[in-house]
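These notes concern the structure reproduced below.
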Amino acid sequence: MQLDFSTLEPLERYRWLASTITPRPIAWVSSQSSTGVSNLAPFSFFTVISDDPPTLMVNVNHRADGSLKDTLLNVQANGELVLQLVAFEQAEAMNASSAVLPYGISEFEQCGIASMPSQRIAPPRVAGAAVAFECRVVQIQAYPPAAPNCHLIFAEVLLAHIDERVLNEQGRIDPHKLDLVGRLGGMAYSRSQDTFEMRRPG
Ligand SMILES: Cc1cc2nc3c(=O)[nH]c(=O)nc-3n(C[C@H](O)[C@H](O)[C@H](O)COP(=O)(O)O)c2cc1C
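Each step along the sequence shown adds one to the number in numbering that gives the first Met the number 0, with nothing skipped, and position 201 is 200.
Right, dumping it as structure tokens:
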């Protein structure tokens, strides 16, 4: 089977990419409006793109009507966001926070998700998240430049919060304890507990 992407409808392109590039980690992004209203939403077109400087990238698509999502509006306004990772125990709350709410309504409050203050930036963070990265935006790229249908947010990590209960005896992350959720195609998700090890060739 071959797929000529130039002949596919946008929804089909999305489905084939989203069900093959898997599992994708989920960035659970908290941000804050210029009037101080917090916002929380998940994004799985997300990855680390550099460790020096420590930089994460999140894709925020435009909505079907062309409008911009609250997360993008907030980071355009003040350049601050927290990227949390999602554990299995938070999967339902993460999913609930993807609901489309009017701008100015906080998913933290609407979905009953506990928040706590960040240290370096204004947006609050998810209280129960085992890993949270306080970030400052370094660049927002409309993509593709000629006819944008999404924005790529490049965010530098300022401060990471790691819950010690997900560490092993060496003080490193134990993926079984972290138990992250990954996005597969459609409604399917995976968990990071299914692991194996390999040594790299010398
Ligand atoms: C698991 C999951 C992954 C998602 N990934 C993305 C993504 O990569 N890009 C995107 O634009 N929307 C993604 N969404 C949809 C957004 O979460 C949704 O549009 C949300 O309402 C945006 O909220 P906001 O307007 O408060 O920013 C995802 C939703 C879920 C449940």
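For each residue, glycine too, the CB sits at the ideal point set by N, CA and C.
Supposed contact pair residue j and residue i - C-beta distance, whole angstroms, cut 8 Å
i    : j    : result
R164 : K176 : 7 Å
L219 : S32  : Because the chain in this structure spans residues 0 to 201, residue 219 falls outside the shown range and cannot be described.
V219 : S29  : The requested residue 219 does not occur in the structure, where the chain is confined to residues 0 to 201.
I48  : L55  : 7 Å
E79  : P122 : 6 Å
S37  : S117 : Wrong, their Cβ atoms sit about 11 Å apart, outside the cutoff.
P41  : I25  : 5 Å
L71  : H150 : 5 Å
L158 : R135 : Not really, about 10 Å apart at Cβ, beyond 8 Å.
Closest Cα partner of residue i within the set the options
i    : options               : result
T194 : Q1, V47, Y188, D173   : D173
Q192 : A86, A129, C110, A154 : A86
Q75  : V59, T6, P22          : V59
A128 : N148, Y102, K68, M93  : M93
F153 : R12, Q1, D50          : D50
E133 : C110, T70, A145, I120 : I120
G65  : P9, N148, V99, Q169   : N148
L100 : A131, K68, N73        : K68
Y13  : H160, S43, P53        : S43
F111 : Q89, V130, A131, H61  : The sequence shown places Gly at residue 111, not Phe. Closest option to G111, Cα to Cα, is Q89.
P9   : P22, A63, P52, V57    : A63
V130 : A146, I161, A98       : I161
Outcome for residue i when other beta-carbon atoms lying within 10 angstroms are tallied against a minimum of 16
i    : result
D3   : exposed
P143 : exposed
S96  : buried
E91  : exposed
A113 : exposed
T34  : exposed
N73  : buried
R198 : exposed
V57  : buried
R171 : exposed
Beta-bridge partners of residue i, as assigned by DSSP
i    : result
F153 : M56, Q138
M115 : R124
F132 : L82, A159
S189 : G181
L7   : According to DSSP, which records beta bridges pairwise, L7 is partnered with nothing at all.
L166 : I172
Contact test: residue i Cβ vs ligand 3 heavy atom, cutoff 6 Å
i    : result
F107 : Annotation note on ligand 3: not contained in the displayed structure, which lists ligand 1 as its ligands.
Self-check item: Start-end ranges of the beta strand (DSSP E) lying completely within the segment 54 to 106, minimum 3 residues
Solution: 79 to 84
Exercise. Pick out the complete alpha helix (DSSP H) segments inside the segment 11 to 57, 4 residues or longer, and give them in chain order.
Key: none
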